[in-house]
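Novice: Numbering (the UniProt record's numbering), first residue to last: 1 to 128.
Just so it is clear, CB atoms sit at the ideal spot from N, CA and C, and this is done for glycine as well.
1) Considering only residues of the same chain and omitting the five flanking positions on each side of residue 97, which have a CB-CB separation below 8 angstroms?
2) Classify residue 113: buried if its beta carbon has 16 or more other beta carbons within 10 angstroms, exposed otherwise.
3) State the DSSP-derived secondary structure class of residue 114, mapped to helix, strand or coil.
4) Taking DSSP's pairing of strands, which residues face residue 95 in a bridge?
5) Buried or exposed, going by whether 16 or more other CB atoms sit within 10 Å of the CB of residue 76?
6) Look at the Cβ atom of residue 93, then the Cβ atom of residue 100, and state whether they are nearer than 8 angstroms.
7) Do you know offhand how far residue 90's Cα is from residue 84's?
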């Protein structure tokens with residue numbers, strides 16, 4: 001009785017697999033067990049016109065870069081005197097417009113960050 005039921009269930013699995021374009025094979029390790037394998041032809045059915053089906057969202061347009069070397073925050077206002085970093089630098093003796101360091105010979109302008117062109121990897125030369 002048990003052997004017949006297992007055989008019937010196995011045959012049903014093979015029938016279901018053929019309905020969904022799947023391949024079946026016997027599991028060599030476990031006797032009587034069936035393995036289902038997806039085929040290259042298998043894909044879930046799509047119903048784009050079905051009521052309630054969600055459509056794909058349109059892709060966002062990338063932000064426009066003003067030039068080949070657009071600066072990040074180039075149009076930002078200067079840091080206000082209430083800023084903690086500005087206050088710390090002033091306590092250490094820095095004044096706006098002077099260089100950094102003990103003898104004021106360090107950098108005077110902030111380090112600039114440029115927008116990298118889309119799809120350009122690190123270390124790759126920028127287009128001119």
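Specialist: Short version:
1) Answer for residue 97: 108, listed in chain order.
2) Residue environment analysis places residue 113 among the exposed positions, since fewer than 16 neighbouring C-beta atoms fall within 10 angstroms of its C-beta.
3) strand
4) Looking at the DSSP assignment, residue 95 forms no beta bridge with any residue, so it has no partner.
5) exposed
6) no
7) 10 angstroms
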